[in-house]
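The numbering used here puts the first residue of the sequence shown at 455, with every later residue one more than the last.
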Amino acid sequence: MIFNSYTFVIFFLPAVLAVFWLIRGRTARTILLIAAGLAFYGYWNWRFIPLLVGSATVSFALALLISRLNRQSSRRLALSAGIIVHLGLLGFFKYAGFFLGNVGAAASALGLSFTAPMLSIILPLGISFSTFQAISYLVDVYRKTIPPERNPLRFLCYATLFPNMASGPILRYREIAPDLDQIGSPAIPAAIHRGVMLLIIGLAKKVIIADQLAETVDSLWGSPEMLTAAGAWLATIGYGLQLYFDFSGYSDMAVGIGSLFGLTIPQNFNSPYKALSPSDFWRRWHMTLGTWIKDYLYIPLGGSRRGLPRTATNLVLIMTAIGLWHGAAWTFVVWGAYHGALLAGYHLTKRWYDRLPALVRRAGTFALISIGWIPFRSESLAATKLMLAKLAGVWGPLPVSGWALIFITLALGITQFLPNSFQIHYSTTKRAAVAAALILVACLVYLNYKQATFLYYQF
Numbered sequence: 455m456i457f458n459s460y461t462f463v464i465f466f467l468p469a470v471l472a473v474f475w476l477i478r479g480r481t482a483r484t485i486l487l488i489a490a491g492l493a494f495y496g497y498w499n500w501r502f503i504p505l506l507v508g509s510a511t512v513s514f515a516l517a518l519l520i521s522r523l524n525r526q527s528s529r530r531l532a533l534s535a536g537i538i539v540h541l542g543l544l545g546f547f548k549y550a551g552f553f554l555g556n557v558g559a560a561a562s563a564l565g566l567s568f569t570a571p572m573l574s575i576i577l578p579l580g581i582s583f584s585t586f587q588a589i590s591y592l593v594d595v596y597r598k599t600i601p602p603e604r605n606p607l608r609f610l611c612y613a614t615l616f617p618n619m620a621s622g623p624i625l626r627y628r629e630i631a632p633d634l635d636q637i638g639s640p641a642i643p644a645a646i647h648r649g650v651m652l653l654i655i656g657l658a659k660k661v662i663i664a665d666q667l668a669e670t671v672d673s674l675w676g677s678p679e680m681l682t683a684a685g686a687w688l689a690t691i692g693y694g695l696q697l698y699f700d701f702s703g704y705s706d707m708a709v710g711i712g713s714l715f716g717l718t719i720p721q722n723f724n725s726p727y728k729a730l731s732p733s734d735f736w737r738r739w740h741m742t743l744g745t746w747i748k749d750y751l752y753i754p755l756g757g758s759r760r761g762l763p764r765t766a767t768n769l770v771l772i773m774t775a776i777g778l779w780h781g782a783a784w785t786f787v788v789w790g791a792y793h794g795a796l797l798a799g800y801h802l803t804k805r806w807y808d809r810l811p812a813l814v815r816r817a818g819t820f821a822l823i824s825i826g827w828i829p830f831r832s833e834s835l836a837a838t839k840l841m842l843a844k845l846a847g848v849w850g851p852l853p854v855s856g857w858a859l860i861f862i863t864l865a866l867g868i869t870q871f872l873p874n875s876f877q878i879h880y881s882t883t884k885r886a887a888v889a890a891a892l893i894l895v896a897c898l899v900y901l902n903y904k905q906a907t908f909l910y911y912q913f
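Structure representation (structure tokens):
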């Protein structure tokens, strides 16, 4: 089930929402959200429900164990066990085929006889995100940042929460625990209104903007060997815009849906293409991933306290790993390493770079980030190399219609000159309600022709 489908927008969400606000009591509403989460997950593949519940059970039990142990070595052992279990599951489902394929390729290059078994492993929905959530919970309990949750229903509600289940935002337990405490409270009109508006804006970003950009972008990327430099740059920038409106649209919908149930899900985007540096970009793009990296990888490895060379090395290693987290392919590894190099380069040249005019820094950052989307979008390293070569090739006519060029320009203008969805004041006037209703109707009409999966569902 995807957010941009009639099944979800017209049937699933209204039904769950109506029952949620009709029933009373914290326990009843908690059970309803668990049931809704399992139904949402099961609609994709019901066979993985035991995996979802089992993973949550492991986290719940190990957190209790960590809190009861006194010896630091025992606590560390329990934490390590939890991290190994969750990373092990992620590794099996997401990387087993990638690992065996590369072992086979390496063996062949060395003249050894090794035939990698053909694996047909289905990737569980949202496992990359749920893994990071589980690790954050165990580490927070280990650090005594939060006490362990002792109510299994409340924790299962967190682990099966459907608004952010598929593609985030990455939600830490300490962020949602206060809302779960108040889940039996009456509805707050302002939260409901905000939720509806974010839901509509997110759906519009996906259906009206991202999916329309996809038609032009896919046609350009479909035959890169035919592109001029102008076409290659348009394909690169167009994909960056498509990905932004697609992923931020999903995130807006997730936050909005959470708000409809009285739950605060953190913001995930803050106008990332207005960033003035690579570091600023990662404070604005996929913000919950950025803060997760900082709190659970970057700072534990020393942050910026151990000198520039060590900081630069850590940034490259961390971002390379994050690239692999996105996908089991060398293209994602290259994308991560590229961003690590950008961050390291920025830290090494920060004093000089920050003196440049803001407009130069914004344009330069946008260009560097756009180039980085090439390996992210490419299906192979060879395709990445070809598109990069095309960027520096011969300029010529654009292989798109005038309307397509205008649409991409308008989308770029939105990212540069308009506020993001969390900076907008949502009016409660009748005129605003009519405008929102018209946008929703337009989205539903578009859905009648196309219901494309969100790009980040593959991760």
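Backbone N, C-alpha and C define an ideal beta-carbon position, used for all residues, glycine too.
- The Cβ neighbour count for E679, taken over all protein chains shown within 10 Å, is under 16; the residue is labelled exposed.
- Taking C-alpha positions only, S513 is separated from L523 by approximately 15 Å.
- Rounded to the nearest whole angstrom, the CA to CA distance from I823 to P732 is 8 Å.
- Annotated as proximal: L751 and I772, with beta-carbon spacing under 9 Å.
- Contact between F820 and Y727 holds: CB atoms are separated by about 6 Å, below the 8 Å threshold.
- Counting only runs of at least 4 residues, the segment 463-510 fully encloses the following alpha helix (DSSP H) elements, listed from N- to C-terminal order: 467-476 and 480-499.
- Residue burial annotation: F465 is exposed, with fewer than 16 other C-beta atoms found within 10 angstroms of its C-beta.
- In this structure, DSSP gives L564 a state outside helix and strand, which the three-state scheme calls coil.
- When secondary structure is reduced to three states using DSSP, Y596 falls in the helix class.
- Boundaries for F457: no alpha helix (DSSP H) harbours it, and the DSSP string shows neither H nor E there.
- In the structure shown, the three-state DSSP call for R816 is helix.
- In this structure A766 touches A798 by the C-beta definition: roughly 4 Å separates them, less than 8 Å.
- Across the set S875, G850 and A493, the C-alpha of G850 shows the shortest separation from the C-alpha of A683.
- By the C-beta density criterion, N722 is buried, having at least 16 other C-beta atoms within 10 angstroms.
- With distances taken between CA atoms, L487 lies nearest to V473 out of V473, W498, P632 and W739.
- DSSP, reduced to helix, strand and coil, places A729 outside both helices and strands of the structure shown, so it counts as coil.
- The segment 663-680 makes contact with the segment 693-700: 3 or more CB pairs, one atom from each, lie closer than 8 Å.
- Under the DSSP assignment, M773 falls in the alpha helix (DSSP H) whose first and last residues are L762 to H780.
- For the segment 818-888, the full-length alpha helix (DSSP H) segments reaching 4 residues or more read 835-845 and 856-871 along the chain.
- Between R816 and the set L625, P606 and S725, the nearest pair of CA atoms involves S725.
- Of the other Cβ atoms in all chains shown, fewer than 16 fall within 10 Å of the Cβ of H879; this residue is therefore exposed.
- DSSP, read as helix, strand or coil, puts M651 in helix.
- Inter-residue distance for R478 and P578 is about 33 Å (C-alpha atoms, whole angstroms).
- Counting every other CB atom within 10 Å of its CB across the protein chains shown gives Q587 a total of 16 or more, marking it as buried.
- The criterion of a C-beta distance shorter than 9 Å is satisfied by F457 and L657.
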